[in-house]
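Residue numbers (our numbering), protein chains in the order written: chain A, 3 to 266; chain B, 10 to 336.
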């Protein structure tokens, strides 16, 4: 009896963990289940199963175009965010840099400002500069949002890098550009890979910035938003399931990469 | 080890002095164009410093500070785009906010909502984080954590959508309750505060989970054991040892969840009802459609930014006592 009581907190903790797992997974699992339902309306129970919604989604030109457009924006965002992020991180770690913590705080600013405010301030900014809304504006907005995360990831990795590696390369005659390309960049590679996948996923997922900065062409989140607001159909479930599987797989892979970069 | 072994016989192969490297970087570094451009910069200390400083500083000043500065500037204009007669700078937009309950009430609602969501998330997630960090065996810990992380790689809208179908009148919960004979007619769970909180916590509990997990994991088990040896029961051990030592995680988790939940946009549009309009929707409505409301929208955004950041600052001061890094 006594051991039962001393085990009680442990049992309660275990129960809370599994309840939380169910809370997280059940809605997504049920959403996936409905995508196989052979009826035109979204409701339980499911009596007949079908794959026709998937066939329909894969032939949906609007969906495929939105996917390609979102991926294009995500790749451009990642490219710019990585370059700028690494650059800022290098500046912060430069020896003898003054006001290091101020630069770091300012570099992280877009990640701390609530998403909606960030999007609105960008909208005002591009209007003041007369930049039209559309692809360029979306990429700019996503890049500004992604830079802080790259900076943080690169800084974490740079802190673990021995100082003498770059010095050794310089002593052996490499100029600073070559030393960066051949020593620093390969050392950063695992953290960068994880950070880049993170950038791609946040950009593809981003709704609020695209909502304010976007033009006429729909991105994937905009398309899903419009469909969900327009009315329910198992077609949305099939669409969401496909997107979910791809993003979750990429996300798990990135998790794997960053974990390896931390242990190596 | 980073420089090739071919370094040694470089002098024989290449007539030029200086190192050579394998691959494209070697070709690049030895080309005359390189020596005239990048090489020139890389070898001059001054040029290097300017280049290192210039790009990041220009980026941060124009794109991190610039938008917020412009927002602040427009918030004190009487008209945007500026009227032909010239711009008058005024505080009327801020005054309007305090005079009009239509704006003021959703703002209060938004703050209270974010505080409630943060508190609920903390209470719900704490035992889970503790379980993964301390109770689960170390070799299973990654797996237990990944099980919790995986759903968060699905996008914001997809998760919101799954919550809608979970709570709808003919959704999973209602159908299940009817099947087991618990209810006759569906409980209305969608388009009110319940669905909104359910969905927002569903979206952002990760931001609480990860900081809490890393803080709790760092607590040495020996401290908890020592407390137990000295006669502290489970509750005393939690309150006197574990809770104070996980304070950093609580602070950063709560700050992140609060800042995110106050700025959620898509979830309230899809999950909220007419009675649960929160401030982000009001702000967004000022920007969409009629552009003459931009100064008001900018002023409200500045207010919201100021209040949300100062709440977090206050919270860190009160709970943290000393300076704490957010990330």
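We treat Cβ as the ideally placed atom computed from N, Cα and C, and that holds for glycine.
| Check | Outcome |
| --- | --- |
| Distance, residue 76 of chain B Cα to residue 131 of chain A Cα | 10 Å |
| DSSP state of residue 163 of chain A mapped onto helix, strand, coil | coil |
| Distance, residue 239 of chain B Cα to residue 248 of chain B Cα | 15 Å |
| Chain B contact residues for residue 242 of chain A, given Cβ-Cβ distances below 7 Å | 167 and 170 |
| Classification of residue 270 of chain B by the beta-carbon crowding that lies within 10 angstroms, buried from 16 upward | buried |
| Supposed close pair residue 30 of chain A, residue 246 of chain A - CB separation, criterion 8 Å | 7 Å |
| Residues near residue 232 of chain B by beta carbon distance below 6 Å, same chain, minus five either side | 250 |
| Assigned exposure category for residue 326 of chain B - 16 Cβ within 10 Å defines buried | exposed |
| 7 Å Cβ cutoff met for residue 210 of chain A and residue 117 of chain A | yes |
| Between the CA atoms of residue 68 of chain B and residue 81 of chain A - distance to the nearest angstrom | 15 Å |
| Assigned secondary structure, residue 227 of chain B (DSSP; H/G/I helix, E/B strand, else coil) | coil |
| N-terminal and C-terminal residue of the alpha helix (DSSP H) that residue 290 of chain B is part of | 288-296 |
| Residue 167 of chain A and residue 185 of chain A closer than 7 Å at C-beta | yes |
| Same chain, Cβ closer than 6 Å to residue 142 of chain B, neighbours up to 5 away in sequence not counted | 222, 225 and 226 |
| Chain B contact for residue 18 of chain A (CB, 7 Å cutoff) | yes |
| Beta carbon proximity, residue 76 of chain B to chain D, threshold 7 Å | Reference to chain D is not applicable here, since the protein chains of this structure are A and B. |
| Beta carbon proximity, residue 138 of chain A to chain B, threshold 7 Å | no |
| Helix, strand or coil at residue 135 of chain B [DSSP, three-state] | helix |
| Chain-ordered residues of the segment 114-125 of chain A with a beta carbon less than 9 Å from chain B | 114, 115, 116, 117, 118, 119, 120, 121, 122, 123, 124 and 125 |
| C-beta contact flag for residue 225 of chain A and residue 68 of chain A at 7 Å | yes |
| Under 7 Å between C-beta atoms of residue 190 of chain A and residue 159 of chain A | yes |
| For residue 36 of chain A and residue 222 of chain A, the rounded distance between their alpha carbons | 20 Å |
| Positions along the segment 240-254 of chain B whose CB lies within less than 7 Å of some CB in chain A | 243 |
| Cut-off 7 Å between Cβ atoms - residues of its own chain near residue 11 of chain B, not counting five sequence neighbours on either side | At residue 11 of chain B the pLDDT is 44, less than 50, meaning the model places this residue with poor confidence; the figure from the coordinates comes in the next sentence. Correct list: empty, nothing qualifies. |
| Contact set between the segment 27-42 of chain A and chain B, restricted to residues whose Cβ is under 8 Å from the partner | 27, 28, 29, 30, 32, 33 and 36 |
| Contact test: residue 245 of chain B Cβ vs the ligand SAM heavy atom, cutoff 6 Å | Here there are no bound small molecules, and the ligand SAM is not part of this structure. |
| For residue 121 of chain A and residue 214 of chain A, believed in contact at Cβ under 8 Å, the rounded distance | 4 Å |
| Secondary structure of residue 50 of chain A, DSSP reduced to three states | coil |
| Beta-carbon gap between residue 282 of chain B and residue 201 of chain B smaller than 7 Å | yes |
| Helix, strand or coil at residue 26 of chain B [DSSP, three-state] | With a pLDDT of 47 at residue 26 of chain B, under the threshold of 50, the modelled position of this residue cannot be trusted, and the question is left open. |
| Cross-chain neighbours of residue 79 of chain B in chain A, by beta carbon under 8 Å | 123, 126, 127 and 130 |
| Contact between the segment 108-115 of chain B and the segment 283-291 of chain B (3+ Cβ pairs under 8 Å) | yes |
| Cβ neighbours of residue 123 of chain B in the same chain (closer than 7 Å, five flanking residues each side left out) | 267, 270 and 271 |
| Where residue 218 of chain A falls: helix, strand or coil (DSSP) | coil |
| Endpoints, the alpha helix (DSSP H) within which residue 198 of chain B is located | No alpha helix (DSSP H) holds residue 198 of chain B; DSSP gives it neither H nor E. |
| Rounded separation between residue 174 of chain B and residue 49 of chain A - CA only | 17 Å |
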